[in-house]
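**Q** I'd like to ask you about the structure that follows.
Residue numbers (the working numbering): 17 to 228.
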């Protein structure tokens, strides 16, 4: 049971912070929100071995904290892409960015056995958490929430993105009834549910299956 509730503790915070992260990104910019999410879950990842030694309740808290950082990351990425990428190129850009998540999972799973064998299982959390902190520092120094914030971008490039983007009028009221009445929305919800069902079962239970 403890194997199952560990991912659940992260997911419980992931879901509400996804909505909160989108609102926050619209307010302060996607750069800051994504930076917060990455450093937050990186610190939680580094602290996971310490929490595990203290006991299951502390481990659950550490993973729940990680879920907060993960939850705000996706809406922050969407916010940044909506400002940087012209409408005609957005689908391709989203696919490329989100494929990085799965590439990272595959890479992490490939390197983890080596780290565990050489340095012990805590090294996996220390290594990946440290990579997140390095990324955080680079991101803060190089990234911008929108083209308007980038002093190195040429005016013609800013104009191209602005003229091919959607209106950035602030949304005062979200039309939930209209959104939930659209069949494509429900198609996305169902497909995402089915995708996550298989993905998280494999990620959670496959190591136990091979170990036993």
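All C-beta atoms, glycine included, are put in the ideal place defined by N, C-alpha and C.
Quick one: Cα of residue 162 to Cα of residue 66, how far?
**A** Distance between the alpha carbons of residue 162 and residue 66: 38 Å.
**Q** In its own chain, which residues sit with a C-beta less than 6 Å from the C-beta of residue 86, not counting the 5 before and 5 after it?
**A** Hits under 6 Å: 30, 57.
**Q** Under three-state DSSP, which class holds residue 124?
**A** Looking at residue 124 - three-state DSSP - the assignment turns out to be helix.
**Q** Which first and last residues belong to the alpha helix (DSSP H) in which residue 62 is found?
**A** Start and end: 46-70.
**Q** If contacts are defined as beta-carbon pairs under 8 Å, then residue 91 and residue 34 qualify, I think. What distance do you get, rounded to the angstrom?
**A** Yes, they are in contact, since the Cβ atoms of residue 91 and residue 34 sit about 6 Å apart, within 8 Å.
**Q** Going along the chain, which unbroken runs of the alpha helix (DSSP H) with 4 or more residues stay wholly within the stretch 137-195?
**A** Qualifying alpha helix (DSSP H) stretches, in chain order: 138-158, 171-179.
**Q** Can you give the Cα-Cα distance for residue 121 and residue 77, rounded to whole angstroms?
**A** Computed Cα separation, rounded: 22 Å.
**Q** By alpha-carbon positions, which one of 169, 59, 225 ends up nearest to residue 144?
**A** The shortest Cα separation from residue 144 among 169, 59, 225 belongs to 59.
**Q** So, under 8 Å CB-CB, residue 146 and residue 62 are touching, yes? Tell me the CB distance rounded to an integer number of Å.
**A** Going by Cβ atoms, the distance from residue 146 to residue 62 rounds to 7 Å, so yes, they are a contact pair.
**Q** Please report how far the alpha carbon of residue 196 lies from the alpha carbon of residue 138, in whole angstroms.
**A** Looking at the two C-alpha atoms, the distance is approximately 43 Å.
**Q** Using beta-carbon positions only, say whether residue 231 and residue 51 come within less than 8 Å of one another.
**A** With the chain covering only 17 through 228, there is no way to say anything about residue 231.
**Q** Going by DSSP in three states, residue 101 sits in which element: helix, strand or coil?
**A** DSSP places residue 101 in coil when its eight states are reduced to three.
**Q** Pick helix, strand or coil for residue 134, following the three-state DSSP scheme.
**A** Note: residue 134 maps to helix in three-state DSSP.
**Q** Out of 36, 84, 38, 72, point me to the one whose CA is closest to residue 55's CA.
**A** Comparing Cα positions, the closest option is 84.
**Q** By how many angstroms is the C-alpha of residue 142 removed from the C-alpha of residue 104?
**A** Distance between the alpha carbons of residue 104 and residue 142: 40 Å.
**Q** Using three-state DSSP, classify residue 197 as helix, strand or coil.
**A** Coil, per DSSP.
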